[in-house]
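Numbering (our numbering), first residue to last: 16 to 246. Idealized CB from N, CA, C, for every residue including glycine.
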């Protein structure tokens, strides 16, 4: 039973890793952009995670982790910030390769504005809850920077499509993590509205995690492309 969270991590990354050598997507050739994005984002979210443990926002069930920890975080939780972003960026690239036509381009700004408004509303009603405040505050800042301060490359219409598809494995993986439960939430620090066993905030935690990863991934790709042009 101690290996449940570890097995979930392995399950998340197994197929994306094996399929990274697909001839059409050639995802392995993009690892030089993928891993820096994952590393930088992972460091930010690990600090966030440590803060939440200190604030008693969530904790980890010792019955479902191997017992190896770093800086107070289980090994599996650290791996989570590698396996989940890798799988999500893989989904993002697969969709772009196999389905290049994307009608969301004309609606992406409206979607972003709606989400910014949602962040403000949720912050107003959930200001006394740590997970709610930090989660939606971070999403608001990230969305604003990407949508209104990023003029060199546009990708939000591709991001939203990948996010929606990523919700499918999200409900499976997070459903297990919250139902068993592997991760135990403090009900005083969340809105306590759940989809099944999954806190409402987790949907937007995933969005923040995926958005920062994709933004940095696109940034590194664009930078390399620009360097090729200049040379």
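query = Taking Cβ positions, are residue 73 and residue 149 nearer each other than 8 Å?
reply = No, these two residues do not count as a Cβ contact at 8 Å.
task = Can you grab the Cα-Cα spacing for the pair residue 112 / residue 105, in whole Å?
result = Their backbone Cα atoms lie some 10 Å apart in a straight line.
Per-residue DSSP class, three states only, for residue 199 = Assignment of residue 199 by DSSP, reduced to helix, strand and coil, places it in the strand class.
key: Reduced DSSP secondary structure (H/G/I, E/B, other) of residue 223   = DSSP places residue 223 within a helical segment (H, G or I) once states are collapsed to three.
request  = Identify which residue in 166, 195, 141 and 119 has its Cα closest to the Cα of residue 215.
outcome  = The closest CA to that of residue 215, considering only 166, 195, 141 and 119, is found on 141.
message = Measuring alpha carbon to alpha carbon, tell me which residue in 152, 26, 54 and 238 is nearest residue 223.
response = If we check each option's Cα against that of residue 223, 152 comes out closest.
ask   = Which of the three DSSP states, helix, strand or coil, is assigned to residue 74?
value = If DSSP states are grouped into helix, strand and coil, residue 74 belongs with the strands.
query = Opposite residue 214 in the DSSP bridges: which residues?
reply = DSSP output for residue 214 lists 209 as bridge partner(s).
ask   = residue 64 lies in the alpha helix (DSSP H); which residues open and close that run?
value = Segment 46-69, the alpha helix (DSSP H) holding residue 64.
Extent of the continuous alpha helix (DSSP H) run through residue 122 = For residue 122, no alpha helix (DSSP H) encloses it, and the DSSP letter there is neither H nor E.
task = Please work out which residues of its chain come closer than 7 Å, Cβ to Cβ, to residue 154, disregarding the five sequence neighbours upstream and downstream, and give them in chain order.
result = Apart from sequence neighbours up to five positions away, the residues of its chain that approach residue 154 with a beta-carbon distance below 7 Å are 134, 219, 222 and 223, ordered along the chain.
key: residue 57 burial status per 10 Å Cβ neighbour count (16 or more: buried)   = Burial check for residue 57: the Cβ neighbour count within 10 Å reaches 16 or more, so the residue is buried.
Residue 26 versus residue 163 - alpha carbon distance = Rounded to whole angstroms, residue 26 to residue 163 spans 36 Å at the Cα level.
message = Would residue 89 and residue 20 be called neighbours here (beta carbons separated by less than 8 Å)?
response = Yes. Within cutoff.
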